[in-house]
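Structure, as structure tokens:
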Amino acid sequence: MPVFALVDCNNFYVSCERVFKPELEGKPVIVLSNNDGCAVARSNEAKALGIKMGVPFFKLRHIINTMDVHVFSSNYALYGDMSNRVMQILDMFTPAMEIYSIDEAFLDFSDFAFTGLKSYAHHIRKKIKKDTGIPVSIGMATSKTLAKLANKIAKSSLKTGGVLDLTSMKFQDRALEITPVEDVWGIGGRYAAYLKLKGIKTALDFKYAATRVIRKKMGINGIRLQRELCGESCYPLAEDINTRRKSVSASRSFKKPVTDLTALSQAISLYISRGAVKLREQNSCAETMTVYVMTSRFKPESFYYNSKTAVFPTASNNTPELIKQGKKILKQIFKRNKQYTKAGIVFSNLVQESHVQQDLFNTKDTARTQRLMETVDNINSQMGRGCVRSAALGSSNKQYWQTISNYRSSAYTTRWDQLLTVC
DNA sequence: TCTGGGGTCCTAGGACCC
DNA sequence: TCTGGGGTCCTAGGACCC
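Quick note: the first sequence uses the working numbering, first residue 4, plus one each step.
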């Protein structure tokens, strides 16, 4: 029988900031999303003040000022690097693991013949805290969904000491009983509302609910979820999940609404060039590209969204070529007199660079443009993103459609000029 | 005034073909 | 008056995750 351990960093972004500012320990701290838009990470003290996940920053101003909440813009260079450190340590403790997100990983504990899973998990926990400064919680069970659930309880209940082993049937139903149905991995707000109407309020209710009811609304995944809660594994460990994505996207909300095509065109060109870098990093080419623009969804009376997808005769990851196509699409979906607040692109139907079907009628020198892209990527990775860029992005570094981050901490671990100084 | 970004999977429905 | 049916492919949209 498989055994999964889910290791999840506690309030990860906040914990990363605290590693370099230990004086913030015990104080309310939040980290904002891109554009300083919403609270996306909160310390326990901030949670205790009632600051909810995803609440817009402007609605928090009052509580932040009166309760002395410390605020950070998100600093992905720092979090990405801290994440790598944690994952490297985890890798030493398991034959196989799946890095599920920036702050969590599933470890394969299936073949561990000994029964001391709990003390092993405590050991891992201590090691990570000592070597990186990041606190983690660990949940163990025979399915990923149950491991998730165990982790959640380990995190919130002090007496677990940050570790909960749910591999034995004995405690499973008790754990499900105290878990609201919306806290089950895979059940969001919409499903939870439906389930509650049907009298399904806890994870335990869900486990024993009529399959027909689940199936009707949630499809095949609902059935799998039900089995997972019974301890039967339906989602195997996926290794190397990050090495080759199935789609790559880039988008941003603007500082201020944008109305003219030129500015939108520059923004779209920037997202395409960022997306194309990601494609080249994983040696992929895209067969299709979707471009979309939208106005604020908080003004439903004037809301406008439009998108269009182009299919290329030859899959590509060539920035200038993609920008050319992107501009064409943008012209087709652009509508005048609209207050655009966000735009983006999605590359999908990705194929391996080496497997790209060449277009018979394509007479362009692909080897040459490929070398050019490599050179540009090399310069930018050494000199900083955007050092060499397409003219389509516009000349100014401070475009008004660019984004805000007023509370950014230093890139302590990835830039020499921002290393922490110890006096 | 100010409301994130990047992913995944599934399903319904339309177009097309035989 | 009667007006096929099934398979496949594609896309848009909906749901979820962190």
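A virtual CB, placed ideally from N, CA and C, is assigned to each residue, including glycine.
Cβ-based burial, residue i [other Cβ within 10 Å; buried from 16]
i, result
"Trp188", "buried"
"Asn14", "buried"
"Asp71", "exposed"
"Asn245", "Annotation note: pLDDT 47 at Asn245 (below 50); position unreliable, no value reported."
"Leu422", "exposed"
"Thr416", "buried"
"Met4", "exposed"
"Pro260", "exposed"
"His73", "buried"
"Ile156", "buried"
"Tyr211", "exposed"
"Thr265", "exposed"
"Ala99", "exposed"
"Glu48", "buried"
"Asp176", "exposed"
"Thr424", "exposed"
"Ser122", "exposed"
"Leu81", "buried"
Alpha-carbon to alpha-carbon, residue j and residue i
i, j, result
"Ile348", "Gln229", "36 Å"
"Ser272", "Lys133", "44 Å"
"Gly278", "Glu290", "13 Å"
"Leu282", "Lys199", "42 Å"
"Ile332", "Phe315", "12 Å"
"Pro377", "Arg247", "In the sequence as displayed, the identity of residue 377 is Glu instead of Pro. When rounded, the distance between both Cα atoms is 19 Å."
"Val251", "Asn321", "14 Å"
"Arg193", "Val184", "12 Å"
"Lys55", "Glu324", "43 Å"
"Phe301", "Lys345", "12 Å"
"Pro25", "Gly136", "10 Å"
"Gln360", "Gly397", "33 Å"
"Asp168", "Ala153", "7 Å"
"Thr298", "Arg339", "12 Å"
"Ala178", "Cys237", "20 Å"
"Thr182", "Ile407", "38 Å"
"Phe115", "Leu207", "29 Å"
"Gly40", "Phe306", "19 Å"
"Ser310", "Gln335", "9 Å"
"Arg388", "Arg215", "52 Å"
"Ala52", "Thr148", "Reading off the sequence shown, one finds Leu at residue 52, where the question assumed Ala. Their Cα atoms are separated by approximately 29 Å."
"Ser256", "Asn38", "7 Å"
"Pro303", "Phe61", "20 Å"
Proximity of residue i and residue j at Cβ, strictly below 8 Å
i, j, result
"Val43", "Glu20", "no"
"Met90", "Phe112", "no"
"Lys341", "Thr262", "yes"
"Glu107", "Val10", "yes"
"Ile226", "Ile217", "yes"
"Cys288", "Ala313", "no"
"Asp380", "Val294", "no"
"Tyr16", "Ser77", "yes"
"Ser254", "Arg392", "no"
"Phe350", "Leu240", "no"
"Gly329", "Met292", "yes"
"Ile131", "Ile92", "yes"
"Ala395", "Gln269", "yes"
"Glu284", "Ser146", "no"
"Phe174", "Ser412", "no"
"Phe209", "Leu267", "no"
"Val58", "Ala124", "no"
Where residue i sits in the DSSP three-state scheme
i, result
"Phe109", "strand"
"Ser254", "strand"
"Asn245", "Residue confidence is low: Asn245 scores 47 on pLDDT, short of 50, so the model does not pin down where it sits. Its coordinate-derived value is still stated next. Three-state DSSP puts Asn245 in coil, outside helix and strand."
"Cys19", "helix"
"Asp420", "helix"
"Ala8", "strand"
"Lys429", "Here the chain covers residues 4 to 426 and nothing more, so residue 429 does not appear."
"Ser413", "coil"
"Arg392", "coil"
"Ile137", "coil"
"Met143", "strand"
"Lys487", "Residue 487 lies beyond the residue range present for the chain, which begins at 4 and ends at 426; the question has no answer from this structure."
"Lys132", "helix"
"Val121", "Looking at the sequence provided, one finds Lys at residue 121 rather than Val. Lys121: helix per DSSP, three-state reduction."
"Val379", "helix"
"Val58", "coil"
"Val425", "coil"
Segments of 3+ residues assigned as beta strand (DSSP E) that fall wholly inside the segment 60-104: Within the segment 60-104, the complete beta strand (DSSP E) segments of 3 residues or longer fall at 73-75, 100-104, listed in chain order.
Continuous beta strand (DSSP E) assignments of at least 3 residues falling wholly in the segment 289-362: The beta strand (DSSP E) runs lying completely inside the segment 289-362 and spanning 3 residues or more are 308-319, 343-355, given in chain order.
Can you list, in chain order, the stretches of the beta strand (DSSP E) that have 3 or more residues and sit fully within the segment 150-216? Listed in chain order, the complete beta strand (DSSP E) runs (minimum 3 residues) inside the segment 150-216 are 166-168.
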